[in-house]
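I have placed the structure first, in the form of C-alpha cells, so that the comments after it can refer back to it.
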Amino acid sequence: MRTVIPSPAWLLFALLFLARDLLAQPLPYESKATTLGVVNCANSLCHGSVTTWKGSNILQSEYVTWSRVDKHASKAYPVLLNERSQRIAKNLGLAQPAHQTKLCLDCHTHNPALGQRGERFKISDGVSCEACHGPAEGWIKSHVAPGATHADNLKAGLYPTSEPVAMAKLCLSCHFGNKDKFVTHKLMGAGHPRMSFELDTFSQTEPPHFVIDEDWQKRKRRWDGVRVWAIGQALAAQELIDVLLDPKRSRDGLFPELVVFDCHACHHPMSDVRWTPRQGTRPGAIRLNDANLLMLRQIVRRTFPDGDEKNFNDLVSTMHKAVAGEGGDALDAARKLRVGLDLTIEKLRTRDFTAADLRAMLEGLIDDGLAGQYTDYAGAEQATMAIGSVLNFLAKRGELPAVREANAALDRVHETVRDDEKYRPERFRAALADLRKTVRR
Ligand code: HEC
Ligand code: HEC
Ligand code: HEC
Ligand code: HEC
1 MRTVIPSPAW LLFALLFLAR DLLAQPLPYE SKATTLGVVN CANSLCHGSV TTWKGSNILQ
61 SEYVTWSRVD KHASKAYPVL LNERSQRIAK NLGLAQPAHQ TKLCLDCHTH NPALGQRGER
121 FKISDGVSCE ACHGPAEGWI KSHVAPGATH ADNLKAGLYP TSEPVAMAKL CLSCHFGNKD
181 KFVTHKLMGA GHPRMSFELD TFSQTEPPHF VIDEDWQKRK RRWDGVRVWA IGQALAAQEL
241 IDVLLDPKRS RDGLFPELVV FDCHACHHPM SDVRWTPRQG TRPGAIRLND ANLLMLRQIV
301 RRTFPDGDEK NFNDLVSTMH KAVAGEGGDA LDAARKLRVG LDLTIEKLRT RDFTAADLRA
361 MLEGLIDDGL AGQYTDYAGA EQATMAIGSV LNFLAKRGEL PAVREANAAL DRVHETVRDD
421 EKYRPERFRA ALADLRKTVR R
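Residue numbering for the sequence shown follows UniProt numbering, beginning at 1 and increasing consecutively.
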C-alpha cells in the first residue's frame, strides 16, 4: 500500500486553511455577547487607578490613559457632533445627523445592536474598552478570578489583541475599513478626511495603556515589534486588494471606487508635474495606492528567497499595468498577490528579524526612496512611518550608532510629508539622502 506523504501542494492548502481559520476570529463588533459599558472597567481598584500598581501584572491605570489622552475616547465620538460632520451628513443627504447614523457610528464608537447593550452602555463612550477587547459579558467576572490565565480569558470571549494578526485586523477595520464598514470616495468627496494608518506608529501614538515587558510576554506571547509592523503592512495591502476583488465595493456607478487609488494621482496642481517611471506605472494614468506594497518589497526581500521577491514584484507590476490598461488581467494578478500575502503573513508569524535584517530593510527603504519609488505622497508618507519604526527598533537594540543625528534627520523627513498638499518629491528625496548618511556605519 502506498503511504500518503503530504505533497507541497497539500501543505500549502493546509497552511492556507490554517490562516483562514485564525483570521476568522470574530471582531468585537461581530460578537453576539452583550457590551456592558466603560463604567464597569473604570473603578479605581480595576482599570481606573491614577497611579500604576507595583505588585500587579497590568498597569491598572488603563482607563485613566484612555479617557485623558486617547483620541478614541476624547474625539472619536464627539467629532460626529461637530460642524464638519454636520456638513458631511448634509452633503450625503443622510436622513439623520451623523451621530445617529449607523455608517458613522460603526467606526466612531462601539455600536452593538440594541439587544446587545447592557444597562450602563453609553454610545457616547466612543471607541471604548469593549470596542477593542470585545463585549465583556462572557469574561468580566472570570477575568478577575484568582488564577485566571490569558488563555482562559480568550476562551471566555476576550478579543485576542495580543495576537498581531488579530490586532492588525481590529485596527484596520476602522482605520481602513472592511466588508462591513468603509469610507468610500463619495464619503471623502462629502468631506471625510483621507485615511492613513501604520500599525506600529499608530500603536505608539495612541498612546499605549500597556507595557510589553517580560511579564507580559510570559502571560501572553513573545512580542517582536518588527513582526507586528510587517504583518500590519501585509494585512493593509490585503484589505486594499479585497476592495478591488469585491464586486460591491470596487465600483461606484460607472466608475471604479477611487479609494483604492493614489489620491494625489488626481488631486494635485497641474503645474506640478511629478510622474517618474516606476514599477509598471505609466504617465497619465491613475495609479493604485501601492504604499503598503512598496514597504512589502523590503519585507519579502528579507523573508523569502530571491525568486519569490521577483514573483512579488512582477505581480505588483502586472497589476499596475493592467489597471492602466496596458494589457494583462488586474483581478487575476490581485488574486495571486492576495494568496502570496496570506503565505507572507503565515511566515511572518514566526519570523525573527535580526539586526542585519533591520539594517538591510532600512537601507532598502531609503534606497527605494532615493530611486524615486515614493514619488506618490501615500508611498512617501508610509515610508516615513516605516523608516521611523525600523530606526526605533534598531535604536532599542542598541544597533544604531548615531541615534541623535538619525532622529534629527528623521524629523526633517517627517517635515516633508507633514502636509500632503505641500509635498514635493524632490524635497523628500533630499531629506532621505541626509538620513542615509546617519545610518551608514
Ligand atoms: C471605516 C470607518 C469609518 C467610517 C465608516 C467613518 N469614519 Fe470618520 N474617521 C474614521 C477614522 C479612522 C478617522 C481618523 C482618521 C485619522 O486621523 O487617521 C476618521 C475621521 C473623521 C473626521 C475627522 C476627525 C478629526 O479629528 O478631525 C470626521 C469629521 C469624521 N471622521 C466624520 C465621519 C462621519 C460624519 C461619518 C459618517 C458619514 C464617518 N466619519 C464615517 C473612520 C471612519
Ligand atoms: C483601540 C483599541 C483599544 C482600546 C479602545 C482599549 N484597549 Fe486595552 N489594549 C489594546 C491593545 C492592542 C493591547 C495590547 C495587547 C494585549 O495586551 O492584549 C491592550 C492591552 C490592555 C491590557 C493588558 C495589559 C497587560 O499587561 O496585559 C489591559 C488590562 C487593557 N488593555 C485594558 C483596557 C481598558 C480598561 C480599556 C478601556 C478603558 C482599554 N483597554 C481600551 C487595545 C485597546
Ligand atoms: C471602532 C473603530 C476603531 C478601532 C477598532 C480602532 N480605532 Fe483608532 N481611531 C478611530 C477613530 C474614529 C479615530 C479618530 C479620532 C479623531 O477624531 O481624531 C481614531 C484615532 C486613532 C488615533 C489618533 C490618530 C490621530 O490622527 O491622532 C490612533 C493613534 C489610533 N486611532 C490607533 C488605533 C490602533 C493602534 C488601533 C488598534 C489597536 C485602533 N486605533 C483601533 C476608530 C478606531
Ligand atoms: C481618478 C481620480 C481621483 C482619485 C484617485 C481620487 N479622487 Fe477625489 N475627486 C476626484 C474627482 C473627479 C472629484 C470631484 C471634483 C469636484 O467635485 O470638483 C473628487 C472629489 C474629492 C473631494 C471633494 C473635493 C471638492 O472640491 O468638493 C475630496 C475631499 C477628495 N476627492 C478626496 C480624495 C481622496 C482622499 C482620495 C484618495 C483616497 C481621492 N480623492 C482619490 C477624483 C479623484
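The beta-carbon is built from N, C-alpha and C at its ideal position, and this holds for glycine as well. Predicted model, so just to flag it, every value in this text is computed and none were measured.
If you draw a straight line from the Cα of VAL316 to the Cα of ALA291, it comes to about 12 Å. Rounded to whole angstroms, SER196 and ALA380 show a C-alpha spacing of 12 Å. Burial of ASP376 is indicated by the presence of at least 16 other C-beta atoms within 10 angstroms of its C-beta.
Annotated as distal: VAL339 and ALA330, with beta-carbon spacing of 9 Å or more. Counting only residues whose CB is nearer than 5 Å to a non-hydrogen atom of ligand 4, the list in chain order is MET188, GLY189, ARG194, LEU258, VAL259, PHE261, CYS263, CYS266, ILE286.
Here CYS266 is exposed: its Cβ has fewer than 16 other Cβ atoms, across all protein chains shown, within 10 Å.
Secondary structure note for PRO164: its alpha helix (DSSP H) is the uninterrupted segment 164 to 175.
Across the set HIS414, VAL439, GLY280, LYS437, the C-alpha of HIS414 shows the shortest separation from the C-alpha of PHE428. Per DSSP, the continuous alpha helix (DSSP H) segment holding PRO425 begins and ends at 425 to 439. MET319 is positioned such that its CB atom lies no closer than 9 Å to that of LEU343.
Apart from the 5 residues on each side of it in sequence, VAL228 sits with its Cβ closer than 8 Å to the Cβ of PRO164, MET167, ALA168, LEU199, ASP200, SER203 in its chain, given in chain order.
MET270 and ILE241 have their C-alpha atoms roughly 29 Å apart. About 5 Å separates the beta carbon of TYR77 from that of SER124, a gap short enough to meet the 8 Å contact definition. By the CB criterion at 9 Å, GLN298 and GLY364 fall inside the cutoff. Given a length threshold of 4 residues, each whole run of the alpha helix (DSSP H) inside the segment 401 to 426 is given here in chain order: 403 to 417. TYR159 and SER128 have their C-alpha atoms roughly 13 Å apart. Using a Cβ distance threshold of 9 Å, THR384 and LEU410 count as a contacting pair.
Within the chosen limit of 8 Å, ligand 1 reaches the beta carbon of ILE88 through at least one heavy atom. Per DSSP, the beta-bridge partners of ARG251 are PRO256. The alpha carbon of ASN311 has as its nearest neighbour, out of LEU105, LEU341, THR101, GLU257, the alpha carbon of LEU341. Taking all protein chains shown into account, PRO135 has 16 or more neighbouring C-beta atoms within 10 Å of its C-beta and is therefore buried. For TRP53, no alpha helix (DSSP H) run applies, since DSSP gives it neither H nor E. In this structure, ASN289 has its beta carbon at no less than 8 Å from each heavy atom of ligand 1. Cα atoms of PRO28 and TYR423: separation of roughly 37 Å, rounded to the nearest angstrom.
Under DSSP, LEU288 shares a beta bridge with PHE261. The criterion of a C-beta distance shorter than 9 Å is not satisfied by HIS209 and THR51.
One thing to note: ARG301 has its Cβ within 9 Å of the Cβ of ALA360. In the same chain as SER250, and ignoring 5 residues on each side of it, the C-beta atoms closer than 8 Å to its own belong to VAL243, LEU244, PRO256, GLU257, VAL260, in chain order. The Cβ atoms of PRO97 and LEU114 lie no closer than 9 Å to each other. Leaving aside the five residues that flank GLY388 on each side, the residues in its chain whose CB is nearer than 8 Å to its CB run, in chain order, THR201, LEU410, HIS414. DSSP places ARG274 outside both helix and strand once states are collapsed to three, so it counts as coil.
In terms of Cβ geometry, ILE140 and ASN40 form a close pair [threshold 9 Å]. In this structure, HIS110 has its CB at a distance of at least 8 Å from all heavy atoms of ligand 1.
Distance from GLN233 to LEU296 at the Cβ level is roughly 5 Å; contact confirmed, criterion being Cβ atoms closer than 8 Å.
Inter-residue distance for LEU254 and CYS263 is about 19 Å (C-alpha atoms, whole angstroms). With respect to the C-alpha of HIS143, the residue from ALA156, CYS132, ARG404 having the closest C-alpha is ALA156.
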